[in-house]
Amino acid sequence: MDQLSTNGEAAAAVRTAAVRIVIRGVVQGVGFRPFVARAAASHGVSGWVLNDAAGVEIHVEGSAAVLSAFVEQLRSEPPAAAKISHFEVQPAKPVRLLDF
């Protein structure tokens, strides 16, 4: 196996954890999705964020430690106009996303 393949496999192994985050409340029209995207970039995680009728759903992948820090930032530093009524984190199956 060449060095590039070995490094790629090592990086993939680090991204083996994933979580699904569901946040409900006043999270639309307050800059919540851009906030999530900035937090994802600062933590170097991959995934996505979507609005739905009741709030936002997030799928994020990375190491367990990084995911924990990402979730804590979402909980503790939401946009000022956001009013979170429900915050749920569930384990998810990694799909090996490359970016956010």
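Okay, so the sequence shown: first residue is 87 according to this note's numbering, each after it adds one.
Here a beta-carbon is modelled for each residue, glycine too, at the ideal position from N, C-alpha and C.
Under the three-state reduction of DSSP, which class applies to residue i: helix, strand or coil?
| i | result |
| --- | --- |
| serine 132 | strand |
| arginine 124 | helix |
| glutamine 176 | strand |
| arginine 182 | coil |
| serine 171 | strand |
| alanine 103 | strand |
Since residue i contacts residue j with CB under 8 Å, what's their CB separation in whole angstroms?
| i | j | result |
| --- | --- | --- |
| valine 108 | valine 131 | No, valine 108 and valine 131 are not in contact; Cβ-Cβ is about 17 Å, not under 8 Å. |
| alanine 188 | valine 135 | There is simply no residue 188 to check, as the chain begins at 87 and stops at 186 in what is shown. |
Would you call residue i buried or exposed, if buried means 16 or more other Cβ atoms sit within 10 Å of its Cβ?
| i | result |
| --- | --- |
| serine 91 | Any answer about serine 91 is weak, because its pLDDT of 42 lies below 50 and its placement is not dependable; what the coordinates show is given next. Exposed, because fewer than 16 other Cβ atoms sit within 10 Å of the Cβ of serine 91. |
| valine 105 | buried |
Identify every residue that forms a DSSP beta bridge with residue i.
| i | result |
| --- | --- |
| glycine 141 | Arg110 and Asp138 |
Taking residue i as part of the alpha helix (DSSP H), name the residues at either end of that continuous run.
| i | result |
| --- | --- |
| serine 154 | 150-162 |
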